[in-house]
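Scroll down for the structure; my scribbles are underneath it.
Numbering (full-length UniProt numbering), first residue to last: 1 to 251.
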């Protein structure tokens, strides 16, 4: 409840994070199946930089930390943009074109990089664009081009150059702007002792007065998350898959 109270000073809307309406995502290691052990939410491996697919702000509460690793790592989208603009302008053009088809947002291609209302915005996830071992790209969707793949690699390299690593402690709360700050985590190893198993609680937030005006191609995801009259579920602890199913895409 204290976590939600602190949030109320940051934003007044909280977003659904799946079709069931789960408002809290519990990020914990789970090796009970091949799918869960490699899913971003439950794996212990390092992941690449990305944004959540909805929410102006993404927030985490650290309930416990791993025995080693598991740092929160962020990178400024503005700094990434400046590096690309100076060294890889062709990738800027690729990222700005409405030709990117996401596996989890079928039906409309869109840009990854936006210049909207005098603001630069970045919103993407790598796996929904290229797939991986447990999330193969659907065969009916177009494969990204070599130029697009290079642009994704350029983002990752630029983000690594400017990344900020945060050693989290139990009770820490983080809020980041999901529209221009990239985030990821490094690999981690849980221990056997009490408090040595990494657990974060994630929420997606928006403020209907102070929130940024969104490009048209992002609005559907925001409406699905923050629209009025939708079911909302609040599981304060991790639940079995029937209550909190793994989605067919990473986050």
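Backbone N, C-alpha and C define an ideal beta-carbon position, used for all residues, glycine too.
Check                                                                                       : Outcome
Closest Cα partner of residue 200 within the set 5, 71, 51                                  : 71
Three-state class that DSSP yields for residue 246 in the structure shown                   : Here residue 246 scores only 49 on pLDDT, less than 50, and its place in the model should not be relied on; the value that follows carries that caveat. Reduced to three states, the DSSP call for residue 246 is coil.
C-alpha distance - residue 177 paired with residue 198, whole-angstrom precision            : 23 Å
For residue 184, three-class secondary structure by DSSP                                    : strand
Exposure of residue 210, with buried meaning 16 or more beta-carbon neighbours within 10 Å  : exposed
Proximity below 9 Å, CB of residue 151 to CB of residue 54                                  : no
DSSP-derived helix/strand/coil call for residue 178                                         : coil
Environment of residue 25 [buried if 16+ CB atoms lie within 10 Å]                          : buried
Candidates 81, 119, 110, of which the one nearest residue 212 by Cα                         : 119
Member of 115, 87, 149, 75 whose CA lies at the smallest distance from the CA of residue 51 : 75
DSSP three-state assignment for residue 6, whether helix, strand or coil                    : helix
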